[in-house]
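The next block holds one structure in the form of structure tokens; read it before the comments.
Protein chains in written order, with the working numbering: chain A, 6 to 360; chain B, 418 to 726; chain C, 20 to 296.
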């Protein structure tokens with residue numbers, strides 16, 4: 006049955022469309038200013054802070070002619086705002102300069118390293134979600150029980166322990182003493198020529214190409230760093246799940262659901278969790294972003310060839326272009342995930358969708 | 418029965434908890450007492466407080482407590498010794514007593530925490546209260562800047578900043594502080610906006626107070642309690658970030674006994690001389706835990722509504 | 020005639036940080052296929068009585084009674100599964116504010132269908148038809164459209180009617196209405212009450228109406244129970260309310276505003292300690 010379009014209805018629909026347009030506009034402003042802000046900060050770090058930005062980029066062993074040429078190229082003679090404009094244009098087209106260490110364009114190095122970090126962060130987040138959410142639900146349902154205490158302890162330790170130290174210890178126990186896992190890197194050197202990665206996500210590629218021995222080896226390499234990151238993800242996610250579930254279980258609609266005669270299981274998992282899922286998805290997205298950051302130290306310990314290791318190596322070698330390029334990439338993904346999670350929240354909550 | 422009622426403890430407590438305080442000092446003391454008794458009910462919070470007090474104690478009396486020098490080691494005789502009676506936590510590869518290094522390292526830890534708090538919290542407080550009180554485009558601009566900084570990855574940005582500034586503990590502090598202030602601005606702004614339009618602010622305005630004075634003397638004190646809780650909880654994260662920077666060689670430079678750097682230098686010997694890298698990590702863990710417990714306890718004591726969860 | 024509900028010496032207590040709180044202290048009444056109103060102020064225990072009958076008191080509450088029976092079933096001895104089975108199918112409860120008591124992330128139609136499919140083996144197509152029929156029975160025009168709406172997209176009155184539909188769709192024999200109109204505007208209150216009136220009459224249901232509104236209860240129900248501090252202080256047919264004997268009931272009646280009379284000073288409700296004894 007269709008609804009007749011009265012003038013009031015048309016007016017309301019127009020207002021809603023305008024509201025949506027305003028929201029889209031606001032979102033675009035947020036995205037643009039945030040990215041510009043990131044570029045401004047890295048510009049500041051790279052150009053304004055160092056006494057001689059050219060030396061910062063080239064290192065102090067470059068011959069004078071190269072230094073002069075690069076100084077011209079970087080346009081350091083021009084006023085700051087012009088430099089910034091050039092910088093932003095270059096960054097947007099992916100030109101982050103050249104790495105002193107590898108003499109490759111920074112973007113190329115990053116493209117090679119990025120899938121490794123992606124795979125690690127994804128592994129950790131999946132672990133954290135699939136173990137963390139049920140744990141959090143159980144802790145909320147059985148308040149002050151053993152499960153609840155365990156979740157609290159896991160959370161406390163997760164917020165207090167230095168990740169690189171825990172990684173080091175884990176390496177000693179599980180690799181050096183027990184030989185259960187493989188180290189370093191992502192894959193044993195024997196597979197270097199027989200395995201052609203497609204996406205760069207080794208687990209996925211190995212399954213896709215049905216190379217089961219590669220899959221097993223890749224798994225043995227990723228399981229320890231991935232579990233380490235997974236633990237931190239788990240600590241955060243289980244704590245937030247518990248908090249959201251406790252909030253939902255106090256609501257009136259839960260009483261109403263019981264009055265309807267629904268089983269407790271159904272109420273917990275299909276009513277309370279379904280409502281808690283709305284902020285929970287945001288939390289999971291934020292945890293993912295956090296793992297991207299946490300990977301910096303983890304990759305250093307496990308010699309995992311991702312962006313984190315790339316940045317720290319470049320740091321040790323004073324390769325500013327590489328460091329800043331890596332910072333921009335991780336920063337962009339981090340910002341992107343944050344904004345995406347905000348969008349996700351609004352789509353999932355029917356109350357905000359209607360606006 | 419009358420002895421209990423008339424004893425000095427009972428009457429002091431009644432005085433503190435009285436509904437009708439006669440002086441402002443009495444009201445303040447009474448409120449402090451209520452908060453303290455709520456706090457003290459929580460055993461874990463007391464443990465946290467104890468840890469922090471121990472840290473401060475070690476830092477102040479490091480000279481007296483540490484048995485050996487933290488920077489001078491006996492290279493000839495005492496390299497990489499396991500924990501024993503003379504060296505409770507063993508020695509590192511330069512023959513330095515690890516316990517002494519830990520004790521002196523507490524000073525560096527406190528230094529970092531203190532400076533970051535002193536820099537980041539007031540900056541966040543000022544930005545947040547001004548933004549919340551002024552409203553309008555001032556609010557919009559300041560919040561946009563805050564949100565931009567909030568959206569940045571903290572460790573990575575601190576890394577880049579230290580890379581540009583050069584390694585050193587002061588630069589590490591600056592880098593961490595620059596990335597830490599946004600949450601405080603958000604909290605201060607949220608608190609400010611809850612009572613921006615309330616009657617007591619209007620009353621002070623009617624008395625002719627300038628916005629500057631209103632913000633400084635009336636709005637800011639009210640934001641303090643949530644800010645203190647948040648700062649305490651953040652301390653754990655700041656210690657971990659500082660240790661991470663130290664681990665990468667970007668914090669305090671050798672031979673300073675910074676705990677993160679100690680882990681890095683002990684990494685080479687982790688297999689056989691595990692104590693060199695393990696013990697500093699335990700210290701970091703305990704101190705972070707202390708701040709987390711303390712912060713949780715403060716939050717529950719200052720806002721009992723949250724305590725139920 | 021066998022009573023629908025028998026309550027004898029019902030007691031509900033909660034352990035709290037400051038001691039044990041006795042919310043309901045020895046309430047007894049029987050109910051046939053008639054309408055009973057339970058009136059009282061906040062904290063009188065009227066809501067907890069209704070929830071105890073449903074089995075919806077918070078987990079840590081202690082419930083005792085000499086007898087608590089629905090028809091032939093002893094509610095105290097019944098297993099949790101049996102009690103759960105009865106909820107929605109034989110005994111139903113409607114709550115106060117549809118803004119909070121409807122699941123915000125499920126459509127209204129799905130929530131009604133859920134009650135059906137919990138208690139009956141029925142295909143989703145048939146369930147949908149019955150849900151829409153139920154929505155029409157609570158006088159929601161455009162039942163198909165409302166079926167697909169979310170709770171926040173409908174007004175308070177419509178939400179409460181949706182809640183009634185959701186709880187009555189399986190045809191229970193007893194309905195406990197816990198302040199069903201307190202969250203609604205006055206004009207909407209009358210509409211919802213008339214719908215409730217028709218449904219209860221048509222289906223021959225027993226009704227317990229819990230409210231703080233004495234006038235509402237007296238006009239809607241056959242019998243009235245007045246509760247104070249967890250006890251029943253008076254029980255009488257609503258037609259006889261003007262002749263109430265207990266001073267608390269008289270106080271409540273005095274507090275009702277009337278047109279055309281000048282009452283100075285305004286009467287104040289007295290609360291004597293001995294009524295709580």
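Each residue gets a CB set at the ideal place from its N, CA and C atoms; glycine is no exception.
As the structure is a computational prediction, the values presented were derived from the model and not from experiment.
- Rounded to whole angstroms, the gap between the alpha carbons of residue 57 of chain C and residue 231 of chain C is 8 Å.
- Against residue 276 of chain A, the close residues of chain C are 122, in the order they occur along the chain (beta-carbon pairs closer than 7 Å).
- When Cβ-Cβ separations below 7 Å define contact, residue 18 of chain A makes no contact with chain C.
- The beta-carbon separation of residue 301 of chain A and residue 572 of chain B, rounded to 6 Å, stays under the 8 Å limit for a contact.
- One alpha carbon belongs to residue 345 of chain A, the other to residue 244 of chain C, and they sit about 56 Å apart.
- Within a 10 Å sphere around the beta-carbon of residue 276 of chain A sit 16 or more other beta-carbons, which makes this residue buried.
- The three-state reading of DSSP puts residue 224 of chain C in coil, since its state is none of H, G, I, E or B.
- Here residue 44 of chain C carries a strand assignment [DSSP, helix/strand/coil].
- Between residue 702 of chain B and residue 171 of chain A, the alpha-carbon positions lie close to 10 Å from each other.
- Distance between residue 462 of chain B and residue 107 of chain A, taken at the CA atoms: about 51 Å.
- Around the C-beta of residue 321 of chain A, fewer than 16 other C-beta atoms lie within 10 Å, and the residue is accordingly described as exposed.
- Judged by their CB atoms, residue 533 of chain B and residue 475 of chain B are not nearer to each other than the 7 Å cut-off.
- Closest in C-alpha terms to residue 243 of chain A, from the list A:314, A:303, A:137, A:201, comes A:137.
- Residue pairing by DSSP puts residue 58 of chain C in a beta bridge opposite C:230, C:245.
- At a beta-carbon threshold of 9 Å, none of the residues of chain B lie near residue 131 of chain A; the nearest stands roughly 21 Å away.
- The segment 97 to 116 of chain A and the segment 213 to 229 of chain A do not touch, with fewer than three beta-carbon pairs separated by less than 8 Å.
- Between residue 81 of chain C and residue 32 of chain C, the C-beta gap is smaller than 7 Å, which places the two residues in contact.
- The three-state reading of DSSP puts residue 196 of chain C in strand, counting E and B together.
- Ranked by how close their Cα comes to the Cα of residue 513 of chain B, the residues B:492, B:685, B:500 have B:492 in first place.
- Residue range 24 to 35 is occupied by the beta strand (DSSP E) that includes residue 28 of chain C.
- The C-alpha of residue 143 of chain A lies about 49 Å from the C-alpha of residue 13 of chain A.
- Contact check for residue 48 of chain A against residue 101 of chain A fails: the beta carbons are separated by 7 Å or more.
- DSSP places residue 83 of chain C within a strand segment (E or B) once states are collapsed to three.
- CA-CA distance, residue 84 of chain A to residue 588 of chain B, rounds to 27 Å.
- Using a Cβ-Cβ cut-off of 8 Å, residue 259 of chain A is close to nothing in chain B; its nearest Cβ partner there is about 16 Å away.
- DSSP places residue 252 of chain C in the uninterrupted beta strand (DSSP E) bounded by 250 to 256.
- For residue 84 of chain C, the closest alpha carbon among the candidates C:26, C:266, C:112 is that of C:26.
- One thing to note: residue 575 of chain B has its Cβ within 7 Å of the Cβ of residue 593 of chain B.
- Contact of residue 709 of chain B with chain A by beta-carbon distance below 7 Å involves 161, 164, 165.
- DSSP places residue 110 of chain C in the uninterrupted beta strand (DSSP E) bounded by 110 to 113.
- When DSSP states are grouped into helix, strand and coil, residue 47 of chain A belongs to the helix group.
- In the three-state scheme derived from DSSP, where H, G and I count as helix and E and B as strand, residue 42 of chain A is classed as helix.
- Contact of residue 253 of chain A with chain B is not assigned, every C-beta pair being separated by 7 Å or more.
- Closest in C-alpha terms to residue 470 of chain B, from the list B:564, B:718, B:710, comes B:710.
- Interface residue (Cβ-Cβ distance to chain A less than 7 Å): residue 134 of chain C is classified as such.
- Counting only residues of its own chain and dropping the five nearest sequence neighbours on each side, residue 210 of chain A has a CB closer than 7 Å to the CB of 202, 203, 204.
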